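Those protein sequence lines, which keep their order, are chains A and B.
full-length UniProt numbering numbers the first residue of the first sequence as 1 and each following residue consecutively.
full-length UniProt numbering numbers the first residue of the second sequence as 1 and each following residue consecutively.
Yeah, the Cβ is synthetic: ideal placement off N, Cα and C, and Gly gets one too.
Just so you know, these numbers come straight off a predicted model, no measurement behind them.
The structure appears below as structure tokens.
There are 2 protein chains.
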Amino acid sequence: MLFRQLFDADTSTYTYLLADEATGAAALIDPVLEQAERDLKLLRELGLTLSVVLETHVHADHVTGAGVLRERTGATVVASSRGAPCVDRTVNHGDIVRVGGLEVRVLETPGHTDDSLSFLCERRLFTGDALLIRGTGRTDFQNGDPGQLYDAITRVLFTLPDDTAVYPGHDYAGHAMSTVGEEKQHNPRLAGRTRADFIVLMNALQLPPPRKLDVAVPANRACGHTPPTPSLQA
Amino acid sequence: MLFRQLFDADTSTYTYLLADEATGAAALIDPVLEQAERDLKLLRELGLTLSVVLETHVHADHVTGAGVLRERTGATVVASSRGAPCVDRTVNHGDIVRVGGLEVRVLETPGHTDDSLSFLCERRLFTGDALLIRGTGRTDFQNGDPGQLYDAITRVLFTLPDDTAVYPGHDYAGHAMSTVGEEKQHNPRLAGRTRADFIVLMNALQLPPPRKLDVAVPANRACGHTPPTPSLQA
Chain A
1 MLFRQLFDAD
11 TSTYTYLLAD
21 EATGAAALID
31 PVLEQAERDL
41 KLLRELGLTL
51 SVVLETHVHA
61 DHVTGAGVLR
71 ERTGATVVAS
81 SRGAPCVDRT
91 VNHGDIVRVG
101 GLEVRVLETP
111 GHTDDSLSFL
121 CERRLFTGDA
131 LLIRGTGRTD
141 FQNGDPGQLY
151 DAITRVLFTL
161 PDDTAVYPGH
171 DYAGHAMSTV
181 GEEKQHNPRL
191 AGRTRADFIV
201 LMNALQLPPP
211 RKLDVAVPAN
221 RACGHTPPTP
231 SLQA
Chain B
1 MLFRQLFDAD
11 TSTYTYLLAD
21 EATGAAALID
31 PVLEQAERDL
41 KLLRELGLTL
51 SVVLETHVHA
61 DHVTGAGVLR
71 ERTGATVVAS
81 SRGAPCVDRT
91 VNHGDIVRVG
101 GLEVRVLETP
111 GHTDDSLSFL
121 CERRLFTGDA
131 LLIRGTGRTD
141 FQNGDPGQLY
151 DAITRVLFTL
161 PDDTAVYPGH
171 DYAGHAMSTV
181 GEEKQHNPRL
191 AGRTRADFIV
201 LMNALQLPPP
211 RKLDVAVPAN
221 RACGHTPPTP
231 SLQA
């Protein structure tokens, strides 16, 4: 498997490129609108065909490149059935998304948002904003729920082998990856905390709203396109 | 081998952690002063002992964490004999630096600076500011020399197998890694250019001075410590 981690410095967002070298079929997980040209150039240089765009959830902190990449390549946009209505295929827990000969397994990991998915491909786990390195996604909007997030992390992600590599949707401290074993042991929001402790902690965070919330959520429900202004004569 | 890529967003600098899991011995390549606590915490959490700090060169755009890490861990600081006088061990082309059971091979790749080294460990090539992803280091100060850089890249780095992974000292576009084959084919400063072309190109760049040049070079010659003020009575 060809694998690349890409970063958008403005929003500290990670995008991931997975490809089956035998067929040249590629997937991008959580592409960023402003990086679409960079990502298309890399695909061209590596001789890859974008077959699938996977969205971990409807993002509130950046605008997705999914729609633009679909227009430019014909790729299929895949997300949760509780996610953006613009997608081509909705998936549920346990579903497999094929990228050439690669199999990407869908894991439902709600709690940051109600549509949050993680993706597992050959011992690499892409956790979106559910599990971050030494942190978790927040749970205070988009139907977030700290109890649900605790369950998703501890009952789904933490049951994977300890050496499973963890690739999050963001990092703000310069870490690129972790492992399931490391996060079980060292994640300060989770290690040694009960479900009740976690709920108290998350509900007390008092975080400022994400910088791009008002723009990003409606845009991302349209795969990154600004939704048309509703007719005044409706 | 345990491997981690770390990023300093303020200076777009990559630091690399390599470790021999059998012995717990670790090396950091190009640590950044402001990230020393992050790096020490990660070493502790992973149960590693910092044995070596490797410097690719005397940096002009950030201050090294080498000196602080040496004080805190007893690690040996390693660099070129043409580099900072503060180091514990100087190395030359072809030397091996042992990190537990790992072997890191030293490659002299001058031209960005006269002391620039690259390091090779198990098909991972750490190129400092000699070879960047789709770019190269600049050659207009610290005894930089475009002809020398062209030779270092084409006669040393590009003779390694095409699938050798390239990990640079910086990236400004969100790329994390490349390969020797990719850079041979797609690096716009090198692909299809003669040595003479490259010299003309580099000499015409007219780049502004690095933001931290005046502070970073003297500090890095002291492994990240501000050099003492010279006595007025000398």
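Could you tell me which of G144(A), E21(A), F198(A) and I29(A) sits nearest to T76(A), measuring between CA atoms?
Among G144(A), E21(A), F198(A) and I29(A), the Cα nearest to that of T76(A) belongs to I29(A).
For the candidate residues A222(B), R221(B), K212(B) and C223(B), whose alpha-carbon lies nearest to that of D10(B)?
The shortest Cα separation from D10(B) among A222(B), R221(B), K212(B) and C223(B) belongs to K212(B).
For chain B, find out if any of its Cβ atoms is closer than 7 Å to the Cβ of A176(A); answer yes or no.
By this cut-off, A176(A) is an interface position.
Would you decide whether T13(A) is buried or exposed? Buried here means 16 or more other CB atoms lie within 10 Å of its CB.
Answer is buried; the Cβ neighbour count reaches 16.
Taking R4(B) as the query, report the chain A residues whose CB atoms sit under 8 Å from its CB, ordered along the chain.
Within 8 Å Cβ-Cβ: H175, A176 and M177.
At least one CB of chain B closer than 7 Å to the CB of H112(A): is that the case?
No, H112(A) does not count as interfacial toward chain B.
Using the beta-carbon of each residue, which ones in chain B are nearer than 7 Å to residue 262(A)?
Here chain A covers residues 1 to 234 and nothing more, so residue 262(A) does not appear.
Taking Cβ positions only, does E21(B) come closer than 7 Å to chain A?
Taking Cβ atoms only, chain A never reaches closer than 7 Å to E21(B), which makes this a no.
For the structure I just gave you, are there three or more beta carbon pairs, one from the region 41-58 of chain A and one from the region 41-48 of chain B, closer than 8 Å?
Flag = no, the region 41-58 of chain A and the region 41-48 of chain B do not touch.
Between F126(A) and G83(B), what straight-line distance do the alpha-carbon atoms span, to the nearest angstrom?
About 41 Å.
Can you list the residues of chain B that H186(A) reaches, using a CB-CB cut of under 8 Å?
Result: E45.
Can you find a C-beta in chain B that's less than 7 Å from the C-beta of Y16(A)?
For Y16(A), the answer is no, since every Cβ of chain B falls outside 7 Å of its Cβ.
Per DSSP, I96(A) forms a beta bridge with which residues?
Answer is R105(A), bridged to I96(A).
Between which two residues does the beta strand (DSSP E) carrying G128(B) extend?
Residues R124 to G128.
If you measure between the beta carbons of T113(A) and H57(A), is that distance less than 7 Å?
Against a cut-off of 7 Å, the Cβ pair of H57(A) and T113(A) comes out as a contact.
When burial is assigned at 16 or more other CB atoms within 10 Å of the CB, is D8(B) buried or exposed?
By the neighbour-count rule (16 or more Cβ atoms within 10 Å), D8(B) is buried.
Quick test of the definition: if touching needs 3 or more C-beta pairs under 8 Å, does the region 163-182 of chain B touch the region 87-104 of chain B?
Touching, no, given that fewer than three Cβ pairs across the two stretches are closer than 8 Å.
Could you work out which residues of chain B lie near A25(A), taking near to mean beta carbons separated by less than 9 Å?
Those within 9 Å of A25(A) in chain B number zero; the least Cβ separation is about 19 Å.
Out of C223(A), L6(A), D20(A) and G65(A), state which residue places its alpha-carbon closest to the alpha-carbon of C121(A).
Ranking the options by Cα distance to C121(A), first place goes to D20(A).
Within 6 Å: the Cβ of Q206(A) and any heavy atom of the ligand PLP?
Judged by which ligands are present, the structure shown has none, so any question about the ligand PLP falls away.
What do you get for P31(A), buried or exposed, if any count of 16 or more other CB atoms within 10 angstroms of its CB means buried?
Under this definition P31(A) is a buried residue.
So, are the CB atoms of G111(A) and L160(A) less than 7 Å apart?
No, the pair does not count as a contact, with Cβ atoms beyond the cut-off.
Candidates E37(A), L33(A) and L50(A): which alpha carbon is nearest L2(A)'s?
Looking at the Cα atoms, L50(A) is the closest of the given residues.
Using a Cβ distance threshold of 8 Å, determine whether the region 212-222 of chain A contacts the region 170-183 of chain A, with at least three qualifying pairs required.
No, because fewer than three Cβ pairs between the region 212-222 of chain A and the region 170-183 of chain A fall closer than 8 Å, the two stretches do not touch.
Should F158(A) be flagged as near chain B, meaning a C-beta pair shorter than 7 Å?
No, no contact with chain B.
In chain A, what lies closer than 9 Å to D197(B) by C-beta?
By Cβ distance, chain A contributes nothing, its closest Cβ being about 21 Å from D197(B), past 9 Å.
Let me know the secondary structure DSSP gives D197(A) once reduced to three states.
Helix.
By how many angstroms is the C-alpha of G128(A) removed from the C-alpha of F198(A)?
Near 19 Å, if we compare the C-alpha coordinates of G128(A) and F198(A).
Identify, in the order they occur along the chain, each residue of the same chain with its Cβ nearer than 7 Å to the Cβ of R72(A), setting aside the five sequence neighbours on each side.
So the qualifying residues of the chain are L40.
Distance, Cα to Cα, A79(A) vs Q142(B)?
Using only the alpha carbons, I get a separation of about 51 Å.
Kindly indicate if chain B contains any beta-carbon less than 7 Å away from that of D214(A).
By this cut-off, D214(A) is not an interface position.
Check whether chain B comes within 7 Å of A234(A), counting only Cβ atoms and requiring the distance to be less than that.
Per-residue confidence for A234(A) stands at a pLDDT of 41, beneath the threshold of 50, marking its modelled position as unreliable; the derived number appears in the next sentence. It does not; no Cβ of chain B falls within 7 Å.
Mapping the DSSP letters down to three states, classify P209(B) as helix, strand or coil.
Three-state result, P209(B): coil.
Buried or exposed: S118(A), going by 16 or more other Cβ atoms within 10 Å of its Cβ?
It counts as buried.
Along the chain, where does the alpha helix (DSSP H) containing L42(B) start, and where does it finish?
Where L42(B) is concerned, the enclosing alpha helix (DSSP H) stretches over A36 to E45.
Among L6(B), V52(B) and G65(B), which one has its Cα closest to the Cα of E34(B)?
Among L6(B), V52(B) and G65(B), the Cα nearest to that of E34(B) is on G65(B).
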